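J.: FYI, the numbering for the sequence shown is 67 to 274, going by this note's numbering.
What follows is a single structure, and I will ask about it in a moment.
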Amino acid sequence: NRNGGAARDDGRAFAELLRELTLETVACEKTFRVVGGSAGGDELLRARRLGRLRERAGELGMEAGTFDARLRACGGDGAARSPDRPEWVAEGGGIDESAFCEAYRRGHGLRCISGAFYGPLGAVPDGKVKSEIQAELAPYFHSRLAARVNGLLEALRNCCYSEPPDPEPNVIHTANGELDIGAQGDFTFVTAFRFCLNRVAAEYRPDA
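Here you go:
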């Protein structure tokens, strides 16, 4: 069986890696990255190999608490890091929450008013924001995703805090722009998307 043979070869390579590790290298970022990446996205295999790495650290004389602290400093999961990782992925493998929130706020034009999120096109449900945060994290982290996402969601509320905008009684914000009602009752339509809290979901069609 070709797949079975490949798995055995991979297992032997991992065992050889464990034997070659020293007290200095058994719990460094490079080792965590290699071990995490060797699992090929298999969460169970990753956890099993990190467990064997922890045992090897003990054999070399490292205390379990020291190993666990170093693993946490690298993100806690040994996930492979992209060479093009975003600036909010810290060198130790954690998340720079301030950098993430600022990048997300800029990228999505997000504001938080009275505890609710709003984008350029109107209200944005918490569930949608959480889904997008998880999609941002998934390539770089493979454990504790729910906890990380929930923490970043709350951090975003603070980062994106904004006072409610002043009401504009003469402007109707539509799905395709803005309709300005002049003093004489004339209408002026522009395809602009300024921030508002009450955008109409329908498009304005003057010839409809």
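Note that beta-carbon positions come from the ideal geometry of N, C-alpha and C, so glycine has one too.
Bear in mind the structure is a predicted one, so any value in this text is a computation, not a measurement.
Looking at the structure shown, is C178 part of a helix, part of a strand, or coil, going by DSSP?
T.: Residue state, collapsed to three classes: strand.
J.: Kindly indicate the opening and closing residues of the beta strand (DSSP E) around L245.
T.: Note, L245: beta strand (DSSP E), 243-247.
J.: Rank R151, R136, G188, T97 by C-alpha distance to the C-alpha of P205 and give the top, closest one.
T.: For the residues R151, R136, G188, T97, the minimum Cα distance to P205 belongs to R151.
J.: How big is the Cα-Cα spacing for L111 and C140?
T.: Distance between the alpha carbons of L111 and C140 is about 18 Å.
J.: V215: buried (16+ other C-beta within 10 angstroms of its C-beta) or exposed?
T.: By the neighbour-count rule (16 or more Cβ atoms within 10 Å), V215 is buried.
J.: Name, in chain order, the residues that DSSP records as bridge partners for F253.
T.: Looking at the DSSP assignment, F253 forms a beta bridge with I247.
J.: Take E109 and list the residues in its own chain whose beta-carbon comes closer than 8 Å to its own, dropping the five residues that flank it on each side.
T.: Contacts found: H208, S209.
J.: With respect to the beta strand (DSSP E) encompassing I199, which residues constitute its N-terminal and C-terminal limits?
T.: Element bounds for I199: not the beta strand (DSSP E) but the alpha helix (DSSP H), 192-203.
J.: Take R259 as the anchor and find which of I199, P186, L218 has the nearest alpha-carbon.
T.: The residue you asked about is not Arg; residue 259 is Phe in the sequence shown. It is P186.
J.: Drop a sphere of 10 angstroms on the beta-carbon of E244, count the other beta-carbons inside from all chains shown, and report buried for 16 or more, exposed for fewer.
T.: Per the 10 Å Cβ criterion, buried.
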